[in-house]
Amino acid sequence: MSNVFEFVAETRDMSGKNAAKAARREGKVPAVIYGGESAPEMLVLEHNEILKHLDHEAVYSHILDVKVDGKTQKALLKDIQRHPAKPQVLHMDFMRVDESHQVKMHVPLHFINEETCVGVKTGGVVTHAMVDVEVSCMPSALPEYLEVDLADVELGAVVHMSDIKLPAGVEIPELAHGEDHDHPIAQVVKTRGAGEEAEAAEEEGAAE
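Shown next, in the form of structure tokens:
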């Protein structure tokens, strides 16, 4: 983890809808931080500062510094509510992290070498079944993303969760439940044109 994201917050009594609406009118975002041995705390954060952080993909799979009334707490961003029609954050949930215990978190998948993929070169197209996957690891080992190399994937082949190369200390909990839980994450499928070309090649071979 190379980036450090700091969210500056202050505690505020946010009980009731009116309190949340009033905070939003002030350019604030209501939030809560919970977990660990401490009690949940109701917070407000500056909306414009939040938007700057949310532009970074890594913030969604990162251990964050949440500075509450001057005291920093380590946390994960567990939920975020957005306005359906405006670029506005309505509410955020942070979960405190104990750096001596494992965490579970969804991290994004980065698919590389799609254009040079063997299956694509023979007329196929890559389809994605998943864009992220849940991992389990110590907080210090949490990856920003997982890379999936598609260079050698052939036409018609399926890439599964078990094919992901995981960093040291990182596991995919779903795989512990057996082969039935080894879900596909990507596939190189035949396009209509690719199928016609293959049939034409077979017919030419038979004619010879």
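Position one of the sequence shown corresponds to residue 1121 (the numbering used here), numbered consecutively onward.
Glycine included, each C-beta is placed from N, C-alpha and C at the ideal position.
According to the DSSP secondary-structure assignment, GLN1193 is paired through a beta bridge with VAL1186.
Less than 8 Å separates the beta-carbon of VAL1164 from that of ALA1143. Going by DSSP, HIS1301 is part of no alpha helix (DSSP H) at all; its letter is neither H nor E. Residue state for SER1256 is assigned as strand, using DSSP reduced to three classes. With 16 or more other Cβ atoms inside 10 Å of its own Cβ, GLU1161 counts as buried. Residue burial is scored here from C-beta neighbours: SER1181 has at least 16 other C-beta atoms within 10 angstroms and is therefore classed as buried. Comparing C-alpha distances from THR1311 to each of PRO1259, GLY1239, LEU1262 shows the shortest one belongs to GLY1239.
Contact between the segment 1246-1255 and the segment 1227-1236 is present: three or more C-beta pairs spanning the two stretches fall below 8 Å. Beyond the five residues adjoining it in sequence on each side, GLY1289 comes within less than 8 Å, by CB distance, of CYS1257, MET1258, ALA1261 in the same chain, given in chain order.
Note on geometry: alpha-carbon atoms of LYS1241 and SER1282 lie some 24 Å from one another. Taken through DSSP and simplified to helix, strand or coil, ILE1170 comes out as helix. LYS1148 counts as buried, since no fewer than 16 other beta carbons sit within 10 angstroms of its beta carbon. With 16 or more other Cβ atoms inside 10 Å of its own Cβ, ALA1195 counts as buried.
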